[in-house]
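S.K.:
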Amino acid sequence: MILAEKITHSRLETEMFAEGFAKTVKGGSVLAMKGDLGAGKTCFTYGFAKGMGYLGDVCSPTFAIVNEYHGGRLPIYHFDMYRVSGWDDLYTTGYFEALESGGVLVIEWSENIEAALPEDCITVIITKIDENTRKIVIEKEGEP
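Each number in the working numbering corresponds to the 1-based position in the sequence shown with 38 added.
(1) Is C81 closer than 8 Å to E53 when the C-beta atoms are compared?
(2) Going along the chain, which residues of its own chain have a beta-carbon closer than 8 Å to the beta-carbon of P156, five neighbours each way excluded?
(3) At which residues does the alpha helix (DSSP H) containing Y133 begin and terminate?
(4) I believe I160 touches F55 by the beta-carbon criterion, under 8 Å. Please report the beta-carbon distance rounded to the nearest angstrom.
(5) On the criterion of 16 or more Cβ atoms from any shown chain inside 10 Å, does G76 qualify as buried, or is it exposed?
(6) Between the alpha carbons of Y120 and E106, how many angstroms are there, rounded?
(7) Who are the near neighbours of E149 in its chain, counting only those whose CB is closer than 7 Å to its CB and skipping five residues on each side?
(8) Rounded to whole angstroms, how far is the Cβ of G66 from the Cβ of G140, which I believe are closer than 8 Å?
(9) Of the choices E177, L41, L143, whose alpha-carbon is the least far from that of P113?
(10) Take D158 as the anchor and find which of A60, A70, K44, E43 has the nearest alpha-carbon.
(11) Given that a residue counts as buried once 16 or more other Cβ atoms are within 10 Å of its Cβ, and exposed if not, what is W147?
(12) With a CB to CB cut of under 7 Å and the five nearest residues on each side skipped, what residues in its chain are close to L44?
(13) At what residue ranges does the stretch 135-161 contain a whole run of the beta strand (DSSP E), taking only runs of 3 or more?
This is the structure we're talking about:
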């Protein structure tokens with residue numbers, strides 16, 4: 039079921055859309071981000087974190103695997119699963135501990151851990167239309 043859908047025409051519009059969406063998300067939620075390199079996954083996450091009340095910097099966790107953002111309404115665990123290639127790798131990321139934390143997980147390159155995602159995760163699909171334009175679709179299985 040589609041929860042939200044938006045065409046954005048700038049980075050700021052993408053951030054503002056994510057900021058508004060964040061206000062609807064509850065603790066324990068998992069956002070499975072999907073989109074090509076440069077689609078705007080980290081930009082979306084920045085707006086999302088802002089909407090959760092986090093006022094610090096948000097950057098891609100490409101090399102760290104996970105960045106934690108505390109100080110907002112809920113803790114946010116921002117994962118980059120690009121280099122995760124199996125269960126052994128996944129166990130070393132802190133993913134399973136974060137799932138139990140009551141915070142919100144935002145997972146870039148979630149396709150790489152598809153089998154480990156909860157059934158009720160929220161999927162955020164970002165498609166790059168041109169240099170500035172993005173189509174963002176937010177879905178959740180089983181929602182009415």
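Idealized CB from N, CA, C, for every residue including glycine.
M.R.: Taking the coordinates as given:
(1) In this structure, C81 lies closer than 8 Å to E53 by Cβ.
(2) Its chain contains V68, L137 as the residues whose beta carbon lies nearer than 8 Å to that of P156, once the 5 sequence neighbours on both sides are disregarded; these appear in chain order.
(3) Looking at the DSSP string, the run of the alpha helix (DSSP H) that includes Y133 is 133-137.
(4) Not a contact, Cβ separation roughly 14 Å.
(5) So G76 counts as exposed.
(6) Spanning the two alpha carbons is a distance of roughly 17 Å.
(7) Result list for E149: K72, in chain order.
(8) The distance from the Cβ of G66 to that of G140 is about 6 Å, consistent with a contact at the 8 Å cut-off.
(9) With distances taken between Cα atoms, P113 lies closest to L143.
(10) Checking every option, the nearest Cα to that of D158 belongs to A70.
(11) So W147 ends up on the buried side.
(12) The sequence given here places Lys at residue 44; Leu does not occur at that position. The residues are F55, I174.
(13) Entirely contained in the stretch 135-161, the beta strand (DSSP E) runs reaching 3 residues are, in chain order, 142-146.
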